[in-house]
Amino acid sequence: MLICSKIKYMLVRSIIEKIIKIGLGVSLILPLVYVTWTIYPAHFGKTIFFQILMDVLFILAFYCLFFQQQKIRKLHTIDWLIIIFVFLSLISAIFGINWNKGFWGDQSRVQGVFTLIHFSVFYFLLRQFLLTRDDWYKFSIVVIVVGFLSSLVAWFGPAISFLAKFIPEGNRLSGLIGNPIFFANYLMLPTFLSFFSFFYFKDKKWHWIWLISGVAGIITIFGTQTRGSLVGLVSGLIVVVILYLIFGIHKKEKIKIVSILGIILLFISLGYVFPSLRQIVPAKLSYIYSINPFEGTGQTRLMAWQIAWQGFKDDPLLGNGPESYQDVFDKYYNPKFLKFSFSETVWDQPHNYVLEILSSRGIFGLTVYLLMIVLIFRLLIKILRKSENDDEIISYSLLGGGFAAYVIQLLFSFETSNSWQIWFFSLALLLFIAKNSDFKVIVYSRRNFIKVIFVLVVILSGFALYKNYLMLRSSYYTSLARDAAAIQSLYYWRKYAVSAVQVPAPFRWEQAVFLVKDLGIFDGYEKLDKDTLRKIGPQIEQILRQEIKKQPQSYWLRFWLGQLYIFMGEYLDQQYYIKAENELNEAWAINRARQHIPLLLAKMYLLQDNKSQAIALLAELVKKDDSLEQPHWFLGLALVRNNELDKGLAELEKGKNFGFGFKKNIFYLIDLYAQKSDFKNVVPLYERLIVEEPNNSGYYANLAATYAALNDREGVLVNLNRAVELNPALAEEARQFLEKYDIKP
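The working numbering puts the first residue of the sequence shown at 4, with every later residue one more than the last.
Okay, here's the thing in structure tokens:
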């Protein structure tokens, strides 16, 4: 009977172990998953599916470990640091600015404590159930093949019809991950792991695949044109060389490595000293010479880092809570951000993971994180000292270089689901290499107590599964609503928007913000109506109001509620304008440097035909910083509406670089100049349109008419001939036009 019982234990345990391993293996295809029917299809939906899988595997693992007398791996110091980091993140979320966002995260980043817990579960499952070198060999194959396929998709996906629609257009590679920075962050560790596996596993079957995958990873990282990742990659390679020089056995090999590295660094350095040499560098790689911390996004990142430091000073011990940077940014917003564009005035991450931890989790959280990094390299050095052959030394040096590259690149970006998974995978692999036989068997005599704990585990996992389901469902409806807005279908938008706000997902506030943005799209195309706002407006208002009660100092929520009230005031009842003004002024009181508020208030005053107040507000904004183009443009619009055409045109000219980002604004300015018969200023506007659409015959015909008004016969002929060349159907109309102005062809 006892033998039968043991056989039963072993059989059940074996089945569960296989299921867990299969589940973990399936989860590693995460970077290739693209969920088209959720918000942020490149990362949100697949992260939720990953979390659902971890919830199920966690229940199975608990049962296997505590009811099937499985060997349990002892916790390493790094394991304890991960647990402490998760615990501190939870404490920071509880006492931080926004508990809801800090714990559950949002769809745009999916970096709340809830997600961190799931990736930690993934890590501990790897530690517990991947017990042999063969296990790690098979899982490494999956990681590296997925990385290799991700690189291939990035390069060749746009040419494949069923993939092209999922891959953003542009010179920078982003693959199915959707963002060049996130893609480069993810690829870093698989690239180093490829070379590591070549030396560590030394199998004949996959021997050359490791090398091909590693080379493909390096080329693709360059193809992302991400400067932070380039710095990380170079730093990682330098760390590899340093480690090998210290611990390597063969002196000749050391000399070769130093020589090769020296030549490469010298070649790159000469490009900085002698700009003419940069022509030798392929166009895809020439961006390495554009790294300048005081220009473009480099300057905005420096300002974002300063704001993160200010946030740290608010609560230096525990920080402001995970995912709190948007609130910190709004509080300490620097008006210079607007010089770079409206998009640069919204930052939800400081693009520096060390500063992000410092701001969100305080000095305690950063200390644990840095201590973890120190212990990783201390462990690597310990392993290197014990290594007895060159292949092992090279492989461990490559693993160390991968960790260094990954950590350094995060000084210019932040974590995502794809990169987080490979980070935890690599960490578990390192600890397997360091201590691969450190187990103990725990037999619990108090089985009733274990049963109670198991019930709690099932309840908590079930709760997590339910929340994940709600997130998926809510995101599904919101995605459909956003798609409907994109095609300007108000009927379908109403249908899906109502469903989206009714799902009690943790991030209903985010759905509400998305829907207000959609209302702006319909309003811009003049398709918004009373029925839509009457049906959905109060529901969105209630969600935002409830969230503002929890976060009275949230600039962001008040800003979007004010925007909603403006729409409701325009289409339903002008009494909503009073609410809008109150809400926007409350938001403005949080940071008077925020330019969005006066711009939005000015729009509201114009809707109320209060032109003088709108002009005064915009003029004050221009006075504060005459170099900003956006206030000039909106002031120009207000002045034109106030029948001050000359003053309005002068302001519009000062803000045209901003205004011309929208084609309809160019046509608007053409009409204004035409009203003044100032056709000389119309010519460059049509020429600008032609640069954007060189095959548009209508632009050439209109430009010809403009030249006719200027009595420029040559200009008429050149542009009219081009119009007819592009559209022969215009030939007769062109002939009549030339006769009218007595111009011979």
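All C-beta atoms, glycine included, are put in the ideal place defined by N, C-alpha and C.
Exercise for the section: Would you mind giving the Cβ-Cβ distance between I23 and L56, rounded to the nearest angstrom? I have them listed as a contact below 8 Å. Expected result: For this step, residue 23 is matched to residue 20 along the sequence shown. For this step, residue 56 is matched to residue 53 along the sequence shown. So it is not a contact: roughly 10 Å between Cβ atoms.
Practice task
Express the C-alpha separation of T41 and D734 in angstroms, rounding to a whole number.
Solution key: Within the sequence shown, numbered from 1, the residue matching residue 734 stands at position 731. Within the sequence shown, numbered from 1, the residue matching residue 41 stands at position 38. Just to set this straight, residue 734 is Ala in the shown sequence, not Asp. Near 50 Å, if we compare the C-alpha coordinates of T41 and A734.
Problem - Under the three-state DSSP convention, the category R725 falls into - result: In the sequence shown, the residue the question calls residue 725 occupies position 722. The answer is helix: DSSP assigns R725 an H, G or I state.
Practice task
Report back the beta-carbon spacing between S154 and L190 to the nearest angstrom; my notes put them in contact at under 8 Å.
Solution key: Reading the sequence shown from its first residue, position 151 is the one you call residue 154. Reading the sequence shown from its first residue, position 187 is the one you call residue 190. S154 to L190, Cβ: 7 Å. Contact.
Practice task
Could you give the DSSP three-state label for I100: helix, strand or coil?
Solution key: The count along the sequence shown starts at 1 and reaches residue 100 at position 97. Looking at I100 - three-state DSSP - the assignment turns out to be coil, as it is neither helix nor strand.
Practice task
Spatial neighbours of D526 within its chain, please: CB distance less than 7 Å, with the 5 preceding and 5 following residues excluded, ordered by chain position.
Solution key: If you number the sequence shown from 1, residue 526 lands on position 523. Here the set comprises F570.
Handout entry: Own chain residues within Cβ distance below 8 Å of W496, not counting five before or after
Key = As a first step, residue 496 must be located in the sequence shown, where it is residue number 493. Excluding sequence neighbours, W496 sits near A484, A487, A488, D521, F525 and T535.
Exercise for the section: Go to F332, then tell me how far its alpha helix (DSSP H) extends in each direction, as first and last residue. Expected result: Translated into the one-based positions of the sequence shown, residue 332 becomes position 329. Taken as a continuous stretch (DSSP letters only), the alpha helix (DSSP H) holding F332 covers Y328 to K334.
Practice task
Count the other CB atoms, across all protein chains shown, that sit within 10 Å of the CB of I81; report buried if there are 16 or more and exposed otherwise.
Solution key: By one-based count along the sequence shown, residue 81 stands at place 78. Buried, by the Cβ-count rule.
Handout entry: Sub-8 Å separation of M375 and L84 beta-carbons
Key = Translated into positions along the sequence shown, residue 375 becomes position 372. Translated into positions along the sequence shown, residue 84 becomes position 81. Their beta carbons are under 8 Å apart, which means M375 touches L84 by this criterion.
Handout entry: Host alpha helix (DSSP H) of S346 (start-end)
Key = Residue numbering aside, residue 346 sits at position 343 when the sequence shown is read from its first letter. Note, S346: premise wrong, no alpha helix (DSSP H); not H, not E.
Practice task
Please classify T135: is it buried, with 16 or more other beta-carbons within 10 angstroms of its beta-carbon, or exposed?
Solution key: Your numbering for residue 135 matches position 132 in the sequence shown. Exposed, because fewer than 16 other Cβ atoms sit within 10 Å of the Cβ of T135.
Exercise for the section: Compute the minimum distance between the beta carbon of F340 and the heavy atoms of the ligand NAP, and state whether it is under 7 Å. Expected result: What this structure holds is no ligand at all, so the ligand NAP is not there to describe.
Exercise for the section: Tell me, to the nearest whole angstrom, how far the beta carbon of F127 is from that of F117; I am working on the premise that it is less than 8 Å. Expected result: For the purposes of this step, residue 127 is taken as residue 124 along the sequence shown, with counting starting at 1. For the purposes of this step, residue 117 is taken as residue 114 along the sequence shown, with counting starting at 1. Actually they are not in contact, since the Cβ atoms of F127 and F117 sit about 16 Å apart, beyond 8 Å.
Practice task
Identify, in the order they occur along the chain, each residue of the same chain with its Cβ nearer than 7 Å to the Cβ of S502, setting aside the five sequence neighbours on each side.
Solution key: As a first step, residue 502 is located in the sequence shown; it is residue number 499 there, counting from the start. Contacts found: Y480.
Problem - CA nearest to the CA of R304, picked from I746, K389, I384 and P353 - result: Translated into the one-based positions of the sequence shown, residue 304 becomes position 301. It is P353.
Exercise for the section: Return helix, strand or coil for R485, following the three-state DSSP convention. Expected result: Counted from its first residue, the sequence shown places residue 485 at position 482. Helix.
Practice task
Can you tell me which of the three DSSP states S440 falls into?
Solution key: Here the question's residue 440 lines up with position 437 in the sequence shown. Confidence at S440 is low in this model, with a pLDDT of 47, below 50, so its placement is unreliable and the value that follows should be read with caution. Reduced to three states, the DSSP call for S440 is coil.
Exercise for the section: Kindly indicate which residue of F169, V694, F343 and V685 has the alpha-carbon position closest to the one of N705. Expected result: Sequence index remark: in the sequence shown, residue 705 carries index 702 (1-based). Of the listed residues, the one whose Cα sits closest to N705 is V685.
Exercise for the section: Assign W512 to buried or exposed, taking buried as 16 or more other Cβ atoms, counted over all protein chains shown, within 10 Å of its Cβ. Expected result: For this step, residue 512 is matched to residue 509 along the sequence shown. Answer is buried; the Cβ neighbour count reaches 16.
Exercise for the section: Sort E544, P171 and A437 by Cα distance to V504 and report the nearest one. Expected result: Taking the sequence shown and counting its residues from 1, the one referred to as residue 504 is at position 501. Checking every option, the nearest Cα to that of V504 belongs to E544.
Exercise for the section: For S464, name the three-state secondary structure that DSSP assigns. Expected result: Taking the sequence shown and counting its residues from 1, the one referred to as residue 464 is at position 461. Helix, per DSSP.
Problem - Residue from Q54, L361, K530 and F159 whose Cα sits closest to the Cα of K316 - result: Taking the sequence shown and counting its residues from 1, the one referred to as residue 316 is at position 313. Among Q54, L361, K530 and F159, the Cα nearest to that of K316 is on L361.
Problem - Buried or exposed by the 16-neighbour rule on C-beta atoms within 10 Å, applied to L246 - result: The sequence position of residue 246 within the sequence shown is 243, counting from 1. L246 should be labelled buried.
Handout entry: Presumed contact (8 Å Cβ cut-off) between F562 and H599, rounded CB distance
Key = Along the sequence shown, one-based indexing puts residue 562 at 559. Along the sequence shown, one-based indexing puts residue 599 at 596. About 6 Å separates the two Cβ atoms, so the contact holds.
Exercise for the section: May I ask which residues mark the beginning and end of the alpha helix (DSSP H) holding W636? Expected result: Here the question's residue 636 lines up with position 633 in the sequence shown. Its alpha helix (DSSP H) spans residues E632 to R644.
Exercise for the section: From the DSSP output, in three-state form, read off Q616 for me. Expected result: Position 613 of the sequence shown, counting from 1, holds the residue named residue 616. If DSSP states are grouped into helix, strand and coil, Q616 belongs with the helices.
Problem - L63 to F457 span [Cα, whole Å] - result: In the sequence shown, residue 63 corresponds to position 60, counting from 1. In the sequence shown, residue 457 corresponds to position 454, counting from 1. So the alpha carbons of these two residues sit roughly 10 Å apart.
Problem - Which listed residue (K538, K533, W559 and L564) has its alpha carbon closest to that of R548 - result: Looking up residue 548 in the sequence shown gives position 545. Per the Cα distances, L564.
Problem - Supposed close pair P363, S95 - CB separation, criterion 8 Å - result: In the sequence shown, residue 363 corresponds to position 360, counting from 1. In the sequence shown, residue 95 corresponds to position 92, counting from 1. Looking at the sequence itself, residue 363 is Ser, so the reference to Pro does not match. Confirmed, about 6 Å.
Practice task
Spell out a yes or no on whether the region 659 to 666 and the region 641 to 651 are touching, meaning 3 or more CB-CB pairs, one atom from each, closer than 8 Å.
Solution key: no
Exercise for the section: Select from L413, G701, A711 and L269 the residue whose C-alpha is nearest the C-alpha of A726. Expected result: In the sequence shown, residue 726 corresponds to position 723, counting from 1. Checked all of L413, G701, A711 and L269; the closest Cα to A726 is G701.
Problem - Which listed residue (M607, F417, S164 and S398) has its alpha carbon closest to that of W308 - result: Taking the first residue of the sequence shown as 1, we reach residue 308 at position 305. For W308, the nearest C-alpha among the options comes from F417.
Practice task
Tell me, please, whether the region 212 to 230 touches the region 376 to 395 by the rule of three or more beta-carbon pairs shorter than 8 Å.
Solution key: no
Handout entry: Contact set for K747: own chain, Cβ-Cβ below 8 Å, skip 5 residues either direction
Key = The residue you call residue 747 lines up with position 744 of the sequence shown. L741, listed in sequence order.
Handout entry: Alpha-carbon spacing of R381 relative to I436, whole angstroms
Key = Within the sequence shown, residue 381 is the residue found at index 378, counting from 1. Within the sequence shown, residue 436 is the residue found at index 433, counting from 1. If I take the Cα positions, the gap works out to 14 Å.
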